[in-house]
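With mature numbering (1 follows the signal peptide of the UniProt record, and there is no 0) as the guide, the letters of the sequence shown map in order to residues -18 to -1, 1 to 132. Don't be surprised by glycine CBs; every beta carbon is placed ideally from N, CA and C. None of these values were measured; they are calculated from a predicted model. Structure first, then comments.
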Amino acid sequence: MRLYTIALLLQSVSFSVADLANYQLPDIQDSQKSFNCLGQVFGYRGLKDYISKAKGYISQGLLYEITIPEIEARLGNLPHESRVMYKSSEPDSKYYQLSIQGDGEGSSFYTYVLILDSHGHLSAILWKVTTVQSVATGISVIENFCTISQ
């Protein structure tokens, strides 16, 4: 009976990991990538200076690595069939994050986190909205992934 329970647990874990992989698409040329972040579309042309800077930081070891389990933990409640990340075409590639300050509106501030693979190819964008409320209630942070525009 124990063996059956362990096998059942392992099988259910493998299904959940397979379901998580649904958030990825095969990699394409960076110039063809675009992401929808809160109704604003970001394409390669608008991000190429940041991507170029990130490539230099990656080669110098200056960017923080983000692992697939960390990415999956941040996925939250993605709508079914949402694609938010291009899987690196390089085997065993690592992922790195570069934060970019966006605009602010009143007490809300936007930050975009570019997620790039080891070769500097854009894989995903995470958006964060930080709202400074009153001193009593503090700061609230909401984050989610931008969806891939196709």
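Determine whether the beta carbon atoms of D99 and E72 lie at a separation below 8 Å. yes
Sorted by chain position, which residues of the same chain lie with C-beta nearer than 8 Å to L104's C-beta, five sequence neighbours on each side aside? D12, K15, Y26, L29, I33, Y68, L96, I97 and L98
Reference P8; option with closest CA among S70, W109 and G43: For P8, the closest C-alpha among the options S70, W109 and G43 is that of S70.
Measuring CA to CA, which of A106, N59, L60 and R65 is closest to L80? Of the candidates A106, N59, L60 and R65, the one whose C-alpha sits nearest the C-alpha of L80 is A106.
Would you decide whether G120 is buried or exposed? Buried here means 16 or more other CB atoms lie within 10 Å of its CB. exposed
Limits of the beta strand (DSSP E) - the one that Y26 falls within: Y26 -> not in any beta strand (DSSP E); alpha helix (DSSP H) instead, spanning Y26 to Q42.
To the nearest angstrom, report how far apart K76 and T49 are at their CA atoms. 7 Å
For Q79, which of helix, strand or coil comes out of DSSP? strand
For Q14, the three-state DSSP class (helix, strand or coil): helix
Per DSSP, the bridge partner or partners of L7: Y68
Take the Cβ of V123 as the centre, count every other Cβ of all protein chains shown within 10 Å, and call the residue buried at 16 or more, exposed below. Residue environment analysis places V123 among the exposed positions, since fewer than 16 neighbouring C-beta atoms fall within 10 angstroms of its C-beta.
Using C-beta distances below 7 Å, list every residue in its chain close to G84, excluding the 5 sequence neighbours before and after it, in chain order. Y92, T93 and Y94
Environment of I53 [buried if 16+ CB atoms lie within 10 Å]: buried
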